[in-house]
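**Student:**
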Amino acid sequence: MCAMRERPNRVFRMRAYPRWILGHLSKRRVFGKLIILTGLTFIGGLIFTSIAKEGNEGKPVSPVFKEFHDCVRSNLAHLKGNYDKFWHLFTILTKGCDDLEVYKALDIRTAKNQDEIKYVAIPHQDEHLTMVTLGIGHDQYPNIEFFGADPVSDINKDLYVNILGGNYFEYAVSGTSGMQKSRVYEREGYEEKTTKHIGVHNFFKNVLHKDRIDILWIDIEQNEYPILEQLHSDGLIDRAGVKICQINVELHKDLFEPKSDSEMIKFHDFVWKLLEDKKYIMMKPYYVKGLSYIRTFLINVSDKECTDFFLK
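The sequence shown begins at 1 in UniProt numbering and counts up by one.
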């Protein structure tokens, strides 16, 4: 057998670079790593943005919503982030969007009570409808199954149970459950009290046992904002499996915190989220200057159960 030649052991030595060269090389390595890290972060951001965009664009958009979005957004875009002007000019800038041709697919009629006008989209087919009023306000509307919630039972309980044959709940319905501040309507007018609140998603799902609310009226004196935040896709109402087809709502400011921007910010953010969410259109805006609130009408043009009844 041939003897295997042994390879000589090699000794690897670091080259003796001057210190200034080693420092330069070290900086280059750090700089190189920073370039790689920045590149990966940038690519990751592009991927995330692409996924988010695809997820948003992948959601079906109603032609009615598209016309609403294009009209309202173009009129409000210059006010994004300017909460004061957005609040005070909203109804002026969006009122013209109520005359869109596509809205002829909706049969919208007025419903007057003692001191205001609300709106109802009339179904184009016979259907048993459910109406829920949060903050009753002594209103009377016949021929619908009624559910009313108000922390003041005086007049309201008799109205809903004995006159309308509906169901009355002595709750203040808002975003979360617990004892919270409310402005309640007594015989002599509004008073601020601490009352028992129930979370709206819990009220619809576990108290009313309803998966679809056809008509919802909200007049709860500034507690409306926590409810509105839950209307969007993947909000608590959505996750509870509850659809709301149409909503009349009053959006207030300066009730609990006079001269605060907090309610104007909430209103601003709600409208922009509504435009992104592709679910509700907002119509019939009316600004009540003396009392500083905006009354408006929302229609769900995304959920098929709703559109089958209210869109021709």
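Virtual Cβ for every residue (Gly too), placed ideally from N, Cα, C. As the structure is a computational prediction, the values presented were derived from the model and not from experiment.
Which partner residues of ASN300 appear in the DSSP bridge assignment?
**Tutor:** Answer is TYR280, bridged to ASN300.
**Student:** For ILE299 and ILE108, what's the separation of their Cα atoms in angstroms?
**Tutor:** One C-alpha to the other measures close to 10 Å.
**Student:** Measure the Cβ-Cβ separation of GLU250 and ARG212 and say whether it is below 7 Å.
**Tutor:** Taking 7 Å as the Cβ cut-off, GLU250 and ARG212 do not qualify as a contacting pair.
**Student:** Mapping the DSSP letters down to three states, classify HIS209 as helix, strand or coil.
**Tutor:** Residue state, collapsed to three classes: coil.
**Student:** Going by other Cβ atoms of all chains shown within 10 Å of its Cβ, with 16 needed for buried, is residue 321 buried or exposed?
**Tutor:** In this structure the chain extends from 1 to 312, so residue 321 is not present and cannot be described.
**Student:** Looking only at DSSP bridge pairs, what is GLY148 linked to?
**Tutor:** Beta-bridge pairing links GLY148 to THR133 and TYR168.
**Student:** So, for SER177: in the same chain, excluding its five sequence neighbours on each side, which residues have a beta-carbon less than 8 Å away from its beta-carbon?
**Tutor:** Excluding residues within five positions, the ones whose Cβ falls inside 8 Å are HIS197, ILE198, GLY199 and ASN202.
**Student:** Following the continuous alpha helix (DSSP H) through GLU224, name the residue where it begins and the one where it ends.
**Tutor:** That run of the alpha helix (DSSP H) goes 224–228.
**Student:** Give the DSSP bridge partners of GLU250, in chain order.
**Tutor:** Beta-bridge pairing links GLU250 to ARG295.
**Student:** Can you give, in chain order, each stretch of the beta strand (DSSP E) that sits fully within the region 73–137 and has at least 3 residues?
**Tutor:** Segments of the beta strand (DSSP E) lying fully in the region 73–137: 108–112, 117–121 and 130–134.
**Student:** Give a yes or no on contact between the region 119–133 and the region 225–233, applying the rule of three or more CB pairs nearer than 8 Å.
**Tutor:** No, the region 119–133 does not touch the region 225–233.
**Student:** In chain order, what residues of the same chain have a beta carbon less than 6 Å from the beta carbon of PHE169, not counting five sequence neighbours either side?
**Tutor:** Hits under 6 Å: ALA149.
**Student:** Counting only the same chain and skipping the five closest in sequence on each side, list residues whose C-beta sits under 6 Å from that of LYS118.
**Tutor:** Closer than 6 Å at the Cβ level, and outside the excluded window around LYS118, lie ALA111 and ASN248.
**Student:** Go ahead and pull the three-state DSSP assignment for VAL242.
**Tutor:** If DSSP states are grouped into helix, strand and coil, VAL242 belongs with coil.
**Student:** With which residues is GLY235 paired in a DSSP beta bridge?
**Tutor:** For GLY235, which the question treats as bridged, DSSP gives no partner whatsoever.
**Student:** With distance defined between alpha-carbon atoms, name the residue in ASP214, GLU145, GLY241 and ALA172 nearest to ASN206.
**Tutor:** Considering only alpha carbons, the answer is GLY241.
**Student:** Pick out whichever of GLY81, TYR83, ASP98 and TRP217 has its Cα sitting closest to the Cα of VAL120.
**Tutor:** Ranking the options by Cα distance to VAL120, first place goes to TRP217.
**Student:** Would you mind working out which of VAL173, ASP261 and ILE244 sits nearest HIS252, comparing C-alpha positions?
**Tutor:** For HIS252, the nearest C-alpha among the options comes from ASP261.
**Student:** For SER233, collect the residues of the same chain with a Cβ closer than 7 Å to its Cβ; drop the 5 residues on either side in sequence, then sort them by chain order.
**Tutor:** Within the same chain, SER233 has close Cβ partners ASP277 and LYS279.
**Student:** Could you give the DSSP three-state label for ASP308: helix, strand or coil?
**Tutor:** In this structure, ASP308 counts as helix in the three-state DSSP scheme.
**Student:** Per DSSP, VAL288 forms a beta bridge with which residues?
**Tutor:** According to DSSP, which records beta bridges pairwise, VAL288 is partnered with TYR293.
**Student:** Quick test of your reading: PHE147 and LEU208, contact by CB under 8 Å. State the CB separation rounded to the nearest angstrom.
**Tutor:** Yes, they are in contact, since the Cβ atoms of PHE147 and LEU208 sit about 6 Å apart, within 8 Å.
**Student:** Alpha carbons only, please: which of LEU79, TYR103, VAL173 and ILE92 is nearest the one belonging to THR307?
**Tutor:** The shortest C-alpha separation from THR307 is found at TYR103.
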